[in-house]
Amino acid sequence: MASRPPDDRMRATPPTDRERGRFLVLNVVRLSGAALVLVALLVLNGAIGLPAVVGWVFLGVGLLDVFVVPQLLARKWRTPPE
């Protein structure tokens, strides 16, 4: 089976430093949110000696970090249509 040479539409351009940085930021935000949710669950189960209110606040902020903040950043950084 003969292979076709790739045309320009199928060739992926290497990511720029800005794109790499944004990808890193999105993933760090998600991971820190997940870590905050785990800490919140430990607080709520009594494994960490903090009030339950702190656990609920950590849980809310962690869930926002996992689900909402990456979406907002991606929307802010989106390339406008040409």
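The opening position of the sequence shown corresponds to residue 1 in UniProt numbering, with each subsequent residue numbered one higher.
Where a beta carbon is used, it is the ideal one built from N, C-alpha and C, also for glycine.
Note that the structure is a prediction, hence the values are computed from the model and not measured.
- For residue 52 against residue 44, the beta-carbon gap comes to about 6 Å, under 8 Å, which counts as contact.
- Taking a cut-off of 8 Å on C-beta distances, the stretch 13-28 does not touch the stretch 54-64, as fewer than three cross pairs fall below it.
- With respect to the 9 Å criterion, residue 69 and residue 46 are not classified as neighbours on the basis of their beta carbons.
- When the Cα atoms are used, residue 77 and residue 30 turn out to be separated by approximately 16 Å.
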